[in-house]
Amino acid sequence: MSAYFENTFKLIRFNLRRERVIALIWLAAIVSLAWAYPGFIVSQYSPEELAAMYEIMANPAMVAILGMTQGADNFTAGAMFATEFGLFTIIAVAIMNIFLVVRHTRTDEELGRYEVLRSLPVGRLSNLLSATITAFLVNLALAIGIALALGSLGIESITWAGSFTFAAMIFAGGLLFAGITAFCVQLSSSARSVKAYAFLALVGFYLLRAIGDTSSEILARISPLGLILRAEPFVENHLWPILIVLLSALIITAIAFRLCAFRDIGQGIIPDRPGPAEAPKNLRSLFGLTWRLSRGTIIAWAVGMFIFGGVFGLIMGDVELFVTDAEWFEQLMPPHPDFTMTEMFTSMMNLFLGLFAAVPVLNLALRLRAEEKMGRTEGLLGLAISRKSHIAGFALLSFAASVIMPLLGMIGMWALSIPMLDEPMSFWNLLQAVMVFMPALWVLMGVALAFVGLWPKAVVAVWGYYAFVFVAGFFGEMLNLPRVVLNLSPFGHVPQLPMEEVRIAAMLGLAGVAVILGVLGVVAYSKRDLKGS
Numbered sequence: 045m046s047a048y049f050e051n052t053f054k055l056i057r058f059n060l061r062r063e064r065v066i067a068l069i070w071l072a073a074i075v076s077l078a079w080a081y082p083g084f085i086v087s088q089y090s091p092e093e094l095a096a097m098y099e100i101m102a103n104p105a106m107v108a109i110l111g112m113t114q115g116a117d118n119f120t121a122g123a124m125f126a127t128e129f130g131l132f133t134i135i136a137v138a139i140m141n142i143f144l145v146v147r148h149t150r151t152d153e154e155l156g157r158y159e160v161l162r163s164l165p166v167g168r169l170s171n172l173l174s175a176t177i178t179a180f181l182v183n184l185a186l187a188i189g190i191a192l193a194l195g196s197l198g199i200e201s202i203t204w205a206g207s208f209t210f211a212a213m214i215f216a217g218g219l220l221f222a223g224i225t226a227f228c229v230q231l232s233s234s235a236r237s238v239k240a241y242a243f244l245a246l247v248g249f250y251l252l253r254a255i256g257d258t259s260s261e262i263l264a265r266i267s268p269l270g271l272i273l274r275a276e277p278f279v280e281n282h283l284w285p286i287l288i289v290l291l292s293a294l295i296i297t298a299i300a301f302r303l304c305a306f307r308d309i310g311q312g313i314i315p316d317r318p319g320p321a322e323a324p325k326n327l328r329s330l331f332g333l334t335w336r337l338s339r340g341t342i343i344a345w346a347v348g349m350f351i352f353g354g355v356f357g358l359i360m361g362d363v364e365l366f367v368t369d370a371e372w373f374e375q376l377m378p379p380h381p382d383f384t385m386t387e388m389f390t391s392m393m394n395l396f397l398g399l400f401a402a403v404p405v406l407n408l409a410l411r412l413r414a415e416e417k418m419g420r421t422e423g424l425l426g427l428a429i430s431r432k433s434h435i436a437g438f439a440l441l442s443f444a445a446s447v448i449m450p451l452l453g454m455i456g457m458w459a460l461s462i463p464m465l466d467e468p469m470s471f472w473n474l475l476q477a478v479m480v481f482m483p484a485l486w487v488l489m490g491v492a493l494a495f496v497g498l499w500p501k502a503v504v505a506v507w508g509y510y511a512f513v514f515v516a517g518f519f520g521e522m523l524n525l526p527r528v529v530l531n532l533s534p535f536g537h538v539p540q541l542p543m544e545e546v547r548i549a550a551m552l553g554l555a556g557v558a559v560i561l562g563v564l565g566v567v568a569y570s571k572r573d574l575k576g577s
């Protein structure tokens, strides 16, 4: 049996070295937010205002989004933090674990790295064990960081017991999705399919929890996302939901090891479907191939953006109560005598839709570099295909996403807000408010293409720039960032309709910058050497 796990500890050291940058970024971001948000709640809400906030948070639409509202008898800052921050922190940690486990298992198999490892004195299960232990150590470090950050705040309702319960809740959720991903790794030979299975499980658990939290306690507890929220940190500090989730994670991981012990290397339990004898007509063109490679991402984000916008539409009926006398909202959106709170809140939500629509735009533009790293581009360009045509296909899909994604989010918000408002919002006004964000999305697309062409090994910096754009766009006014800093983001030049007028020169300027960056990327890509991982 020991031969199955030979040299596992050396692989763990190797994995930790590979994760030293990515994991630290995840940990720093999550711990920093967990440390900063309770202080924000205390500074913005008095005890009386917190009691009023409970009524808003207990609204079925908010419960469906955020999970069960904790602290019904005493809605403290700790209870509000756990309600607002708990579920989405678990989701963020789940995403972190999905990428981490896939990166060290199925991706290494798909790229042929695992075969090289197996040629050395490495056990058959050593790679999977090292990946799961790496995930365990990363989640443990995250949990310790969160517990210490929260407990050290000195806020009365943020107790040490609640801090450790909250951290344990995050830890258990992370290990569960590490185990689910390890199980999914055994099912398919494609890293992309494994991620699709794992994310499908995450979305399914979220929807099951949303239905259960609003209609059935049994359904809510069947979903691990709903069950783990029953720990109620800073209120009851229950440990039994955490223990059940940890036990579930252990069982699922054990099943993954059992499957890994007898499946063929490079293959999955679910056999690959044989392709057709001849390629369909839509695959006989370069753009058809590009669309086939990207359609999963496009469809998933299209559905997600519509739902995301619809969530905003569902809470429109409570906007006046939600933002009235809220200092944080006044900092983000100063009062304007000519516009209602609903119109101003809608403007902020449009900004949110624009910022989230940037993710698929960047993802599609950077997919070109991913194909290059996996060695697929070299074989493709060996045919009668020009590099400019190759990059143009991904650029065209990224451009289409910059138009379609914000529109779908806007349509979702408009459609689901109709039954919530006495006077429905104007579709045309919402359309204009979303369209002004498109030039900013084009700039981000241009930045991605420029990095692919000029600095392909530094494309991770594009996501760093997006993180800056997100913080500057959503929190820039609250943090009192200088105008010169805000202007470094393309969203800093976008007017907030209907409060501000459209500046045609600024819109044309953003479009011009996008074109220049895109052309630089295309020209540089057509001349440089291909560079793998």
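The sequence shown begins at 45 in this note's numbering and counts up by one.
Note that the Cβ used here is the ideal one computed from N, Cα and C, for glycine as well.
Rounded separation between residue i and residue j - CA only
| i | j | result |
| --- | --- | --- |
| D369 | E128 | For D369, the predicted model reports a pLDDT of 48, less than 50, meaning its position is unreliable and no value from the coordinates is stated. |
| V487 | Q88 | 35 angstroms |
| I462 | G456 | 10 angstroms |
| W458 | S446 | 19 angstroms |
| E280 | I135 | 22 angstroms |
| D54 | F301 | A small fix is needed here, since residue 54 is Lys in this sequence, not Asp. Each residue's alpha carbon lies about 19 angstroms from the other. |
| A205 | A193 | 13 angstroms |
| T209 | E416 | 44 angstroms |
| I202 | M124 | 11 angstroms |
| N118 | I288 | 27 angstroms |
| W335 | V567 | 22 angstroms |
| R61 | I560 | 38 angstroms |
| Y48 | G198 | 48 angstroms |
| S232 | L303 | 12 angstroms |
| M393 | G270 | 26 angstroms |
| M489 | I296 | 40 angstroms |
| L408 | S442 | 5 angstroms |
| A439 | D152 | 28 angstroms |
| G562 | P500 | 14 angstroms |
Extent of the continuous alpha helix (DSSP H) run through residue i
| i | result |
| --- | --- |
| M482 | 482-498 |
| Q114 | Where Q114 is concerned, there is no enclosing alpha helix (DSSP H), given that its DSSP letter is neither H nor E. |
| G332 | 330-358 |
| A502 | Note, A502: premise wrong, no alpha helix (DSSP H); not H, not E. |
| F438 | 431-461 |
| Y569 | 548-571 |
| V146 | 121-148 |
| L273 | 268-273 |
| T176 | 170-195 |
| L164 | Element bounds for L164: n/a, residue is neither H nor E. |
Nearest to residue i (by Cα), restricted to the options the options
| i | options | result |
| --- | --- | --- |
| F512 | A191, S533, G497, N281 | S533 |
| L71 | D117, A211, G490 | A211 |
| A138 | I202, Y250, P82 | Y250 |
| A436 | L192, L564, A242 | L564 |
| G419 | Y98, L294, L155 | L155 |
| M454 | R57, S76, F481, Q114 | F481 |
| L131 | L110, M140, I142 | L110 |
| F471 | F514, G357, A80 | G357 |
| F514 | M101, V166, L397 | L397 |
| A159 | S260, L294, D308, G83 | Per the sequence shown, the amino acid found at residue 159 is Glu instead of Ala. It is D308. |
| R64 | P165, A179, R413 | A179 |
DSSP three-state assignment for residue i, whether helix, strand or coil
| i | result |
| --- | --- |
| Q88 | helix |
| L475 | helix |
| A245 | helix |
| F278 | coil |
| P468 | coil |
| F221 | helix |
| D308 | coil |
| T52 | helix |
| R64 | coil |
| P320 | coil |
| S76 | helix |
| P404 | helix |
| L251 | helix |
| A212 | helix |
Cβ-Cβ separation, residue j to residue i (assumed contact under 8 angstroms), whole Å
| i | j | result |
| --- | --- | --- |
| A245 | A108 | No, A245 and A108 are not in contact; Cβ-Cβ is about 19 angstroms, not under 8 angstroms. |
| S329 | R411 | Wrong, their Cβ atoms sit about 17 angstroms apart, outside the cutoff. |
| L460 | G354 | 4 angstroms |
| F278 | T133 | F278 to T133, Cβ: 14 angstroms. No contact. |
| I224 | A242 | 6 angstroms |
| V238 | V247 | With 8 angstroms as the limit, V238 and V247 do not qualify as a contact, their Cβ atoms being about 15 angstroms apart. |
| G218 | N183 | 4 angstroms |
| V546 | P539 | 6 angstroms |
| L452 | A344 | So it is not a contact: roughly 12 angstroms between Cβ atoms. |
| G536 | A516 | 7 angstroms |
Residue i at chain D interface by Cβ criterion, 9 angstroms
| i | result |
| --- | --- |
| A436 | The displayed structure is made up of one protein chain only, and chain D is not part of it. |
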